[in-house]
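Asks: Protein chains in written order, with this note's numbering: chain A, 16 to 1024; chain B, 6 to 476.
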Amino acid sequence: MRELALLGILCLCFNILPAHAQRMISGTISDEQGELLIGATVLAKGTSIGTTTDINGQYILNVPIEVNILQFSYLGFLPLAIELGAENVVDAVLKSSALVFDEVIVTGYSTELKREITASITSIKNREIEGLSVQSFDRAIQGKASGVQISSESGAPGGAATIRIRGVGSISAGSEPLIIIDGVQVGRQGQSGQGSANPLNGINPNDIASIEILKDASSTSIYGAQGANGIILVTTKTGTKGDKATFNVAYQEGIVQPMNLYKVMNSQQYADIRQAAFVNSGQSIEAAQKLYGDPNDASLPYYDWKEAIWRDATLRTLDFSFSGGSDKVDYYTSFSYNLQEGQILTNEWERTTGRFNLNADLLDNFSLNLRTSLAFIEQEGQPCDGGFWVNCPFAPSFWSIPSSPAFDENGDYNAYPTNGEGHNFNFNEIQNAQEVTRLGQTLQNISALTLNYQPIPNLTARASMGIDYINNKDKQVRPISIPFFRDAWGGQILNEDRISVNWNTFGTLQYNFDIKEANRFSTLLGFEYKQEDWTNFSATGRGLADPSFQNLNSASTPFAIAGTSSTNRRQGVFSSVKYSFNEKYFANATVRYDGSSRFGRDNRWGLFYAGSLGWRLSAEPFLQNTTWIEELKIRLSYGITGNSEIADFASLPQFGTRGQYLGAPGLAPTKLANNQLGWEEAEQFDIGIDFSFFENRLYGSIDLWNKNNRNLLLATQIPAAAGIEDATFVENVGQVNNKGIDFELSTILYNRGGFNWRIGGTLSFQKNEVVELNGGRDTIFSDGFPQLIVGQPIHFFNLLPFAGVNPANGRATVYDRNGFPTYAPSAEDVQVFKGAIPDFFGGIRTEFSYKGLSLGAFFQFQGGHYVYNNDLEALAEAGGSPNNQLVSQANYWRNPGDLTNVHRPSQGNVVSGIDQITFGLPGTTRFYSDASYIRLKEIKLGYTFPKTSLSFMNVSNLTVFAQGLNMITWTRFDGIDPEVVATRHAYSERFPFAFPLGRQFSFGLNMSF
Amino acid sequence: MNSYNKLYFLLLLGLFSCTKALDVADPESLSPEQVFAEVGGFESILFSAYNRVHNFEWMGQNGIIAPDVLADNLDFNNRTFNYESEYVNAVRAHMGRWELYVGINDLNLIFSKIDDLTDVTAAEEDLRQQIKGEAFFLRALYYHDLAKVYGYEPGKEVNDFNLTVPIRTTPTEEVSDALVTNPRATNTELYELIESDLNQAINLLSDNVIAPLRVGKATVHALMARVQLYKSNFAEAARQADQALTQTTAELTTVENFEASWEMTPHPESLFEAEIRATDWSTVDGANRSICTMTNNTSSSSQYILVGSPELLAVLDREPNDIRHSIWTVEEDIPNGTRKCNKWRGEQGDFRENIPIIRYAEVLLIAAEGYVRSGDDTNAQTRINELRMARGLVPTALTGTALIDLIMQERRIELALEGHRWFDLKRLGKDIPKTNASNVPNLSYTDFRILSDIPQSELSLNELLTQNPGY
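Printed below as a string of structure tokens:
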């Protein structure tokens, strides 16, 4: 009710207010060749009133009557200011340059000119992400913003990605940045549990006009308690007032292929290594051959599981959009369809989106902005995301027994394995993938309504309300046609329903004023409230008469129901003041006071603040004569932001239901209280320069930053003997430092005779270190081994140094703490090895164009980090289990004197009570590997037809293109995909058989009418 | 109008800055105060402690199977990674029981808070005494299993190493309690606590009515008998066993119903039986976390990896009339000389079945062993012959060492796959024989692998703990 009351009050107060004097200016913006510029910016000088041109290069802007200059700008063009006369139509012709300093940048709750910005913000425009066949925009901006490490957690279509802005500052609290789409703070709940799902899938990347990434404290502190991990602001496209309707259609079709899969043994190699394991464990050759056949028998049955499970798949996208406007209203509306099959059997992802964006001037000084989108996503046949799960196809595609064909001579499924041995829980993986239903359906709506009111010139009041609603329904059917499911439960259906409602509202007052022309002030005051509620419900039924039954109604036995819900709320007030003197000196101060329901009553509120300074040296007289400098600015910022991304009820002591006995519920303490639980704070210092040299042929920015996360929140282990089920408690343990340097650089190497060659890129170096642990500790342990050590990065591996296989007897050895090889290490021999957080990362873009023809390539890289390849624990264990092995394992130790890294095969890999793979400890460096890589991420060849050749069919633009994604990877990693594995390791856990990224080829066209 | 405008905004700010908006409650949790307000709350905590007995890591699977795999009762029929390292007594492949402390904390909460309840009715008072009695029994059961795994029995120390697990008798209510660390107690200290708990339980519990799914007085005597046996306090073991046998309503099965009794719920011989319901398991627990999935092929999704070893069956085969042959069946596809065990068949469906923790035959065997080892062959014969006749065998007239051997042989056969073999050897200080098929040498009693290692995670969090020798 309160929300309704709020809107009511707002509507009321705005409607009764008088109109204010304005005039409407319209026109076109074009380049010197007369090509119309789409998305160019118009700004009424001295105000924050601005717009961009539509698809026809046209704009309409309501300008306060006292404004007499319009400023025009566009990336790659020199800015232009035009004095307004009596004429209401103002056309601008911009001269080409590489200047980016006059773009309008979206910042927290307002917009600014890039020239005046004193914070570290990367802005990515739609042309850098448009048309890429990725499902969420985070993957499209990977490597395109310095200081922002984005890496896929899963190669699944629509799979999740991890975003880290300026290092990893936190462990138990979330390290994900806050993502705000058109003012709506999107949540992370309500996603499908049937495989990896990216919370950003609900937004069609082609609807995005720009993405701003706020990196330093001065830009993020306006978001207070949510600012510590950085902010990503997404702005979707709009139409242009007074513009005729434009219709744009884009179509793309292509294939997805697996890349770099493991090579596994054939039936003979497999029979040979298994026989060796049998014989070395005291079993007979006959027993082995009964199961696996004679290794010398060339006629052993053979089935290529890998070939049957991995596949070339299809991708297809179809987008269309309309935009335009009248003199009071503009609109952008779009629909899209996106199909992406996974490169693994039956995996498929489909999305349909719709969007409607509307800006309407209700009165001269009162306007409304509506942004609304709806997405329906269906993940079909989605296998689990990886892991040692037998009913998930990744591991079984490699380890299924090669002499056990999936089909019999009639084409029916064989029982697996055909030798009757217990392996893979007797799942025939092909049958499993084909017959098990794993369907996730997700409906997401992200909508925002903003009202703007200008009671007097320079004062803008704004009220906004946004909602992010997700409803996910999962269905998993385990049919009786699969023996395991038939015998255990008579088949099973699981339905899950998740709803997440996440809404926020804010109001701001912005007042701009000048003192004696040279001193410009812009002030902002606002409040915000946010509430997140989610519920999950699931029901399981068993006993299905037929494999084709897909609904719970068909289950004869209700088996289980479960339901859960949670909520959290935040509120805050904030204010900022920006000051500039003669467009030469800038200062900015921000403060926010925030409260969160997640913290204990005594520690609920936190104060966050920041300040920044800017000096445009290029505006100084002493540099006016230095012709090669077009723009040069030094920025300095410092501030404190917070992180409240912890569990909703982390501070409270809890008793929860724990099991039943004789039908009555049991109760047990599930968690201990921590009354002292307080905010995690990030203190950040940033010094940066923005520059443009040599007639704007070389431009970019460099930032040096230092970030201290204090009162780091960590779920610390307590002794299990204390007897608490969740043997951890969240405490503020200490301080982590991240520091780094970020480069963003663009050059125009050649631009003559219609031939244009540009190179640009980003490069970031970062260093992460735990600098202090509370209570004088130098180490915090988890599961018996160090988790945090003062002086070490936040992530590292605890491993035994592998010392190779003893040529004398074929036993695996590791180095003990004194550096001597041993068969039987103890926990004290485990050492710390470098972890999975990269030292550097970035991207390099190059683009050639000649007239309508263009060729672009984008390389993305990460380096200096390591991972433990868990896959090999199953695939490189010298035949110690029935798992099929890597071909390289055939080189196992046979006779004294053999030099090899593959130990002597034995059942279970146990020799004299010692596990040869893990030694009963957290593993060895045998499977530890450099995860650095550079990847040709995107390559695109396009041709835009000349306008003249199109006029006869009334087409204003036609582009055809072919593109490839993830084309080539250069790496020393010994697994499939270094990107997804490292992401999992650094930010969650060791994770075997993660869904790797695929290689994609596609072609398509864009057409506008 | 401008002033109105500002007023409205101020009003809005006011609306949202009331702190109450930030007070939220967890819909799935209770505060400790709510739980401790009624006797019913304590009973719920007790139920949680009962429920943990059938945890897969304890008697739900590992506690039944590991003691036979670590010794010589079982061989492999199939391999699914499970129990492979236990089979060859790999270093650190032992029984981990540290999580029993979670149940102990449940019980400590009861002890520390239940007497604070005031204004209780007479019925509630009875319930309070019963809850306390059951809680003392359970804490003794939990601690005795910790003692069996992590330390030597009193009098059976190797190199005088007498440390066992730390004793915690006060609950963890807040973080500061959790961080209070205790050193390892000596085995005699721990056994004193166990006996004291059992004596309190005997005093508090009235009768047998609620057995076997909850415990009565007879059950406490039975556990006391077992504890005395482990202490090599044989006469007292026999005396306690006899008390249990007299008081219990459980009945010895006969030749007629022995085989069928393994399909019955509860088992007619149970003095204490852990109850499992469908809701206790997630969908994948059956195939992974049941007993029968490891030892039987009732379902095609069973792992069915372990079968009776030729060494065990050779003992059984000494007397062909033994009715216990009925639960060991020869199967085609399993290694020669091995047989499938049909004690555990998941008769409640989805691999589920109740788990007898203490049953009549065990108590009879304790009585027989207690008598014979304390020199009373006559009474020992009576007890063992009661069992032998119920199993279709002729009474024995053996005495002395021969009678001891026979009783130990009966014990091995009768209690196979019920979690006793390893501990029966260990408590007597005997070497652990290994099966021929395991291809590993016998484990000497002095080998460090007789004791489980203390979890590395505990050592790193509690500086007062010391690791067991050899690890």
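All residues carry an ideal CB built from backbone N, CA and C; glycine is no exception.
The structure presented is a predicted model; accordingly, all values stated were derived computationally and were not measured.
#1: Which residues mark the beginning and the end of the beta strand (DSSP E) in which Thr-550(A) is found?
#2: Helix, strand or coil: how does DSSP classify Glu-419(B) here?
#3: When you compare the region 222 to 234 of chain B with the region 244 to 251 of chain B, are there three or more beta-carbon pairs, one atom per stretch, that lie closer than 8 Å?
#4: Nearest to Val-805(A) by CA position, among Val-294(A), Phe-601(A), Ser-707(A), Leu-788(A), is which residue?
#5: Cβ closer than 9 Å: which chain B residues qualify as neighbours of Leu-687(A)?
#6: Report yes or no: is there a C-beta of chain A within less than 8 Å of the C-beta of Phe-14(B)?
#7: One question on the structure: do Lys-343(A) and Ala-375(A) come within less than 8 Å of each other, judged by their Cβ atoms?
#8: Give me the Cβ distance between Leu-814(A) and Asp-844(A), rounded to the nearest whole Å; I'm assuming they're in contact under 8 Å.
#9: Since Val-745(A) and Leu-728(A) should fall inside the 8 Å C-beta cutoff, what is the C-beta to C-beta distance between them, to a whole number of angstroms?
#10: Taking the alpha carbon of Gln-206(A) as the reference point, which residue from Glu-168(A), Leu-458(A), Thr-253(A), Gly-123(A) has its own alpha carbon closest?
#11: Flag Thr-253(B) as yes if its beta-carbon sits less than 8 Å from any beta-carbon of chain A, otherwise no.
#12: Can you name the residues that DSSP bridges to Met-968(A)?
#13: Can you tell me which of the three DSSP states Leu-75(B) falls into?
#14: Any idea if Ala-160(A) is buried or exposed, counting beta-carbon neighbours within 10 angstroms, 16 or more meaning buried?
#15: My output table needs one value for Thr-387(B): the three-state DSSP class, helix, strand or coil.
#16: Going along the chain, which residues of the region 652 to 686 of chain A sit with their C-beta nearer than 9 Å to a C-beta in chain B?
#17: Within 10 angstroms of the Cβ of Ser-964(A), are there 16 or more other Cβ atoms? Answer buried if so, exposed if not.
#18: Just verifying my parser: in three-state terms, what is the DSSP assignment at Phe-934(A)?
#19: Of the residues Ala-893(A), Arg-513(A), Leu-193(A), Asn-103(A), which one's Cα is nearest the Cα of Thr-915(A)?
#20: Answer yes or no: do Gly-269(A) and Phe-1018(A) have a C-beta to C-beta separation smaller than 8 Å?
#21: Which residue from Tyr-676(A), Ala-96(A), Asp-930(A), Leu-951(A) puts its Cα closest to that of Gln-875(A)?
#22: Just mark Glu-504(B) as buried or exposed, buried being the case when its beta carbon has 16 or more other beta carbons within 10 Å.
#23: Give me the residue from Glu-104(B), Asn-60(B), Pro-460(B), Thr-284(B) with the minimum Cα distance to Gly-799(A).
#24: Between which two residues does the alpha helix (DSSP H) holding Met-299(B) run?
#25: At the 8 Å Cβ level, is Val-925(A) part of the contact set with chain B, yes or no?
#26: Within 8 Å (strictly less), CB to CB, does Ser-117(B) reach chain A?
#27: Does the beta carbon of Ile-324(A) come closer than 8 Å to any beta carbon on chain B?
#28: Under a Cβ-count criterion, where at least 16 other Cβ atoms within 10 Å of its own Cβ denotes burial, should Arg-585(A) be classed as buried or exposed?
#29: Would you say Asn-262(B) lies against chain D (beta-carbon separation less than 8 Å)?
#30: Can you name, in chain order, every residue of its own chain whose Cβ lies under 6 Å from the Cβ of Ser-927(A), other than the five neighbours on each side?
#31: With Tyr-196(B) as the anchor, note down where its alpha helix (DSSP H) starts and where it stops.
#32: Is it the case that the region 277 to 287 of chain B contacts the region 341 to 357 of chain B, given that we only count it when at least three CB pairs across the two stretches are under 8 Å?
#33: Could you name the residues of the same chain whose beta carbon sits closer than 6 Å to that of Val-121(A), not counting the 5 residues immediately before and after it, in chain order?
#34: How about Val-361(B) and Ser-306(B): do their beta carbons lie closer than 8 Å?
#35: Strictly below 7 Å CB to CB, what residues from chain A border Glu-308(B)?
#36: Mind checking which residues open and close the alpha helix (DSSP H) that includes Val-368(B)?
Replies: In short, the structure shows the following:
#1: Numbered from 1 along the first sequence, position 535 holds the residue referred to as residue 550(A). Per DSSP, Thr-550(A) belongs to the beta strand (DSSP E) from 534 to 557.
#2: Looking up residue 419(B) in the second sequence gives position 414. Glu-419(B) falls in the helix class under three-state DSSP.
#3: yes
#4: Here residue 805(A) refers to the residue found at position 790 when the first sequence is read from its first residue. The shortest Cα separation from Val-805(A) among Val-294(A), Phe-601(A), Ser-707(A), Leu-788(A) belongs to Leu-788(A).
#5: Indexing the first sequence from 1 puts residue 687(A) at position 672. In chain order: Thr-177, Glu-178, Glu-179, Val-180, Asp-182, Ala-183.
#6: As a first step, residue 14(B) must be located in the second sequence, where it is residue number 9. Below a pLDDT of 50, predicted positions are generally treated as unreliable, and Phe-14(B), at 48, falls in that range; no measurement from the model is reported.
#7: Position 328 of the first sequence, counting from 1, holds the residue named residue 343(A). Position 360 of the first sequence, counting from 1, holds the residue named residue 375(A). Taking 8 Å as the Cβ cut-off, Lys-343(A) and Ala-375(A) qualify as a contacting pair.
#8: Position 799 of the first sequence, counted from the first residue, corresponds to residue 814(A). Position 829 of the first sequence, counted from the first residue, corresponds to residue 844(A). Actually they do not touch by this definition, with Cβ atoms about 10 Å apart.
#9: Locating residue 745(A) in the first sequence gives position 730, counting from the first residue. Locating residue 728(A) in the first sequence gives position 713, counting from the first residue. The Cβ separation is near 6 Å, so the contact holds.
#10: The count along the first sequence starts at 1 and reaches residue 206(A) at position 191. If we check each option's Cα against that of Gln-206(A), Leu-458(A) comes out closest.
#11: Numbered from 1 along the second sequence, position 248 holds the residue referred to as residue 253(B). Output row for Thr-253(B): interface = no.
#12: The residue given as residue 968(A) occupies position 953 in the first sequence. DSSP lists no beta-bridge partner residue for Met-968(A).
#13: Within the second sequence, residue 75(B) is the residue found at index 70, counting from 1. Coil.
#14: For the purposes of this step, residue 160(A) is identified with residue 145 of the first sequence, where counting begins at 1. Answer is buried; the Cβ neighbour count reaches 16.
#15: Stepping through the second sequence from its first residue, residue 387(B) is reached at position 382. In the three-state DSSP reduction, Thr-387(B) falls in the helix class (H, G or I).
#16: Asp-663, Phe-664, Leu-667, Pro-668, Gln-669, Phe-670, Gly-671, Thr-672, Arg-673, Gly-674, Gln-675, Tyr-676, Leu-677, Gly-678, Ala-679, Pro-680, Gly-681, Leu-682, Ala-683, Pro-684, Thr-685, Lys-686
#17: Against the first sequence, residue 964(A) aligns to sequence position 949. Exposed.
#18: Translated into the one-based positions of the first sequence, residue 934(A) becomes position 919. Coil, per DSSP.
#19: Walking along the first sequence from the start, residue 915(A) turns up at place 900. Nearest of Ala-893(A), Arg-513(A), Leu-193(A), Asn-103(A) to Thr-915(A), Cα basis: Ala-893(A).
#20: Locating residue 269(A) in the first sequence gives position 254, counting from the first residue. Locating residue 1018(A) in the first sequence gives position 1003, counting from the first residue. Cβ distance < 8 Å, so Gly-269(A) and Phe-1018(A) count as in contact.
#21: The residue given as residue 875(A) occupies position 860 in the first sequence. Out of Tyr-676(A), Ala-96(A), Asp-930(A), Leu-951(A), Leu-951(A) has the C-alpha closest to the C-alpha of Gln-875(A).
#22: Because chain B in this structure spans residues 6 to 476, residue 504(B) falls outside the shown range and cannot be described.
#23: Counting from one through the first sequence, the residue named residue 799(A) turns up at place 784. Restricting attention to Glu-104(B), Asn-60(B), Pro-460(B), Thr-284(B), the CA atom closest to the CA of Gly-799(A) is found in Pro-460(B).
#24: Within the second sequence, residue 299(B) is the residue found at index 294, counting from 1. Looking at the DSSP string, the run of the alpha helix (DSSP H) that includes Met-299(B) is 297 to 300.
#25: Here residue 925(A) is taken as the residue at index 910 of the first sequence, counted from 1. True, the Cβ-Cβ gap to chain B drops below 8 Å.
#26: Taking the first residue of the second sequence as position 1, residue 117(B) is located at position 112. Closer than 8 Å: no.
#27: For the purposes of this step, residue 324(A) is taken as the residue at position 309 of the first sequence. Cβ-Cβ to chain B under 8 Å: no for Ile-324(A).
#28: Taking the first sequence and counting its residues from 1, one reaches residue 585(A) at position 570. Within 10 angstroms of the beta-carbon of Arg-585(A) lie 16 or more other beta-carbons, which makes it buried.
#29: Checking the listed chains, one finds no chain D in this structure; the protein chains it contains are A and B.
#30: Numbered from 1 along the first sequence, position 912 holds the residue referred to as residue 927(A). Excluding sequence neighbours, Ser-927(A) sits near nothing in its chain.
#31: The residue you call residue 196(B) lines up with position 191 of the second sequence. That run of the alpha helix (DSSP H) goes 192 to 209.
#32: Judged by Cβ distances under 8 Å, the region 341 to 357 of chain B makes contact with the region 277 to 287 of chain B, as three or more pairs qualify.
#33: For the purposes of this step, residue 121(A) is taken as residue 106 along the first sequence, with counting starting at 1. Result list for Val-121(A): Glu-227, Leu-248, Thr-250, in chain order.
#34: Working through the second sequence from its first residue, we reach residue 361(B) at position 356. Working through the second sequence from its first residue, we reach residue 306(B) at position 301. Going by the sequence as given, residue 361(B) is Pro instead of Val. No, the Cβ-Cβ distance between Pro-361(B) and Ser-306(B) is not below 8 Å.
#35: Translated into positions along the second sequence, residue 308(B) becomes position 303. Sequence check: residue 308(B) is Gln here, not Glu. Result: Gly-437.
#36: Translated into positions along the second sequence, residue 368(B) becomes position 363. Counting along the chain, the alpha helix (DSSP H) containing Val-368(B) begins and ends at 365 to 378.
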